[in-house]
Amino acid sequence: MDKIGSLIGDMGNMQILDIYTCPNCNREVKTVRMKMIGGEKKGQWEILKNEWLDLVLTDYNMPEMNGLELMVEMKKDAILKTVPVVMITTEGSRQRVEEFREKGAADYIKKPFTPEEIRQKLNLIMGENEDGEGSFDNGDEELDF
Amino acid sequence: MEKEALITAMKNSISEVLETMFFLPLDFPGTHMWDLSNLKKEDTLVSRLSFTGPFKGYFIFFIPKEPASSLTADFLGKDIESISRDHVTDTVKETLNMLAGSTFSNYDDQAVFNLGIPELIDLDDIRGDDSGEEVLIVINTLDNNLALKMVKT
Chain A
0 MDKIGSLIGD
10 MGNMQILDIY
20 TCPNCNREVK
30 TVRMKMIGGE
40 KKGQWEILKN
50 EWLDLVLTDY
60 NMPEMNGLEL
70 MVEMKKDAIL
80 KTVPVVMITT
90 EGSRQRVEEF
100 REKGAADYIK
110 KPFTPEEIRQ
120 KLNLIMGENE
130 DGEGSFDNGD
140 EELDF
Chain R
0 MEKEALITAM
10 KNSISEVLET
20 MFFLPLDFPG
30 THMWDLSNLK
40 KEDTLVSRLS
50 FTGPFKGYFI
60 FFIPKEPASS
70 LTADFLGKDI
80 ESISRDHVTD
90 TVKETLNMLA
100 GSTFSNYDDQ
110 AVFNLGIPEL
120 IDLDDIRGDD
130 SGEEVLIVIN
140 TLDNNLALKM
150 VKT
């Protein structure tokens, strides 16, 4: 993976993860587009509708619409329902984590987290190429969060 | 609410969050190191987050502005000169969000607590507020005292 970018880039609008390239992915998934979604509902949907994303990382605890509600709305959309959603949460209750899974989250990440945890989750969800081998393994020097 | 269990959960949460996200060395000097009346509102950021669940109440996080700026720069991977006020307040609120969530998962991972949205408040708004049972943890780091308080209402 060439770049994850600033995970906590601009927290106000949560325009957080830059586009990064994945040189070892198969050609169809050479560029992985990923955003962390947060902030207001209108902003969330603008990102989701206007940008083609391969993965969404969303905070659970957000004003107006929480991450779970956002994911449920995505699952109602013919295109967005195919985008894997990773829930980021400070809340680690088993019941809530189970609810994330039941409603379709690809995975969840509990805050606080390390860059390595993010890398492992991405490897699990998107990091396999046609040979079934992991793709995201470039060390931490590119990570700036 | 078991107070001793909560104190342990809060201390573990503080260590997890501040050491994992900010690599801050810290210790817990005790509440005798804390005097709310000595805090100056122009020097202190105060964030509050309400919660509901098996019991309800709110958390308050106190942090002096100077370490808040350093902490924000580290968190965002930016030079301190490029940090804006919004960056700092967002980071302080996000820190409280993590402290609260982590406290509850350390306290009881079977229970479901619902966290509100953290907000920045004025120090004057909480002076004289002794509306419920409370737990105060004083945190010493980088030559500054921070504090996390939970109030059960």
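Here the protein sequences come in this chain order: A and R. Each residue of the first sequence is one higher than the one before, counting from 0 in numbering that gives the first Met the number 0. Each residue of the second sequence is one higher than the one before, counting from 0 in numbering that gives the first Met the number 0. Where a beta carbon is used, it is the ideal one built from N, C-alpha and C, also for glycine. This structure is a prediction, so every number in the text was calculated from the model and none was measured.
Kindly indicate the opening and closing residues of the alpha helix (DSSP H) around residue i.
i              : result
M20 (chain R)  : K2 to F21
T113 (chain A) : Looking at the DSSP string, T113 (chain A) is not in any alpha helix (DSSP H), and its letter there is neither H nor E.
D85 (chain R)  : R84 to Y106
K74 (chain A)  : G66 to K74
In the DSSP output, which residue or residues are listed as bridge partners for residue i?
i              : result
E168 (chain R) : In the structure as shown, chain R begins at 0 and stops at 152. Residue 168 (chain R) is therefore absent and cannot be evaluated.
V150 (chain R) : R:Y57 and R:E133
D106 (chain A) : A:V85
I138 (chain R) : R:L145
Leaving aside the five residues before and after residue i along the sequence, list all residues of the same chain whose C-beta is less than 7 Å from its C-beta, in chain order.
i             : result
F74 (chain R) : M20, F21 and T90
R93 (chain A) : none
G56 (chain R) : F50, G131, M149, V150, K151 and T152
At which residues does the beta strand (DSSP E) containing residue i begin and terminate?
i             : result
P66 (chain R) : Not the beta strand (DSSP E): P66 (chain R) falls in the alpha helix (DSSP H), residues K64 to L75.
If we cut at 8 Å on Cβ distances, does residue i have a partner in chain R?
i              : result
Q225 (chain A) : In the structure as shown, chain A starts at 0 and stops at 144, and residue 225 (chain A) therefore has no counterpart that could be examined.
T57 (chain A)  : no
G66 (chain A)  : no
K80 (chain A)  : no
K120 (chain A) : no
K48 (chain A)  : no
K110 (chain A) : yes
Using a Cβ cut-off of 8 Å (strictly closer), state whether residue i contacts chain A.
i              : result
T7 (chain R)   : no
V111 (chain R) : yes
V16 (chain R)  : yes
A4 (chain R)   : no
M149 (chain R) : no
I116 (chain R) : yes
A99 (chain R)  : yes
Assign residue i to buried or exposed, taking buried as 16 or more other Cβ atoms, counted over all protein chains shown, within 10 Å of its Cβ.
i              : result
S36 (chain R)  : exposed
M32 (chain R)  : exposed
A77 (chain A)  : exposed
P111 (chain A) : buried
E168 (chain A) : For chain A, the structure presents residues 0 to 144; residue 168 (chain A) sits outside this window and is missing.
K2 (chain R)   : exposed
I136 (chain R) : buried
K75 (chain A)  : exposed
Near residue i, what residues of its chain come up, given a Cβ to Cβ distance below 8 Å and the 5 sequence neighbours on each side ignored?
i             : result
L5 (chain R)  : T102, Y106, V134 and M149
E98 (chain A) : L67
T43 (chain R) : F61, I62, P63, K64 and L122
M73 (chain A) : L47, V55, L79, K80, V82 and V84
Grab me the residues of residue i's own chain with a C-beta within less than 6 Å of its C-beta, minus the 5 sequence neighbours each way, in chain order.
i              : result
S46 (chain R)  : F60, V91, K92, L95, P117 and L119
L141 (chain R) : P66
M97 (chain R)  : V16
P22 (chain A)  : Only weak support is given to the placement of P22 (chain A): the predicted model assigns it a pLDDT of 37, under 50, and the question is left unresolved by the model.
Can you pull the chain B residues whose beta carbon is under 9 Å from the beta carbon of residue i, in chain order?
i             : result
P62 (chain A) : Among the chains of the structure shown, chain B does not appear; the protein chains present are A and R.
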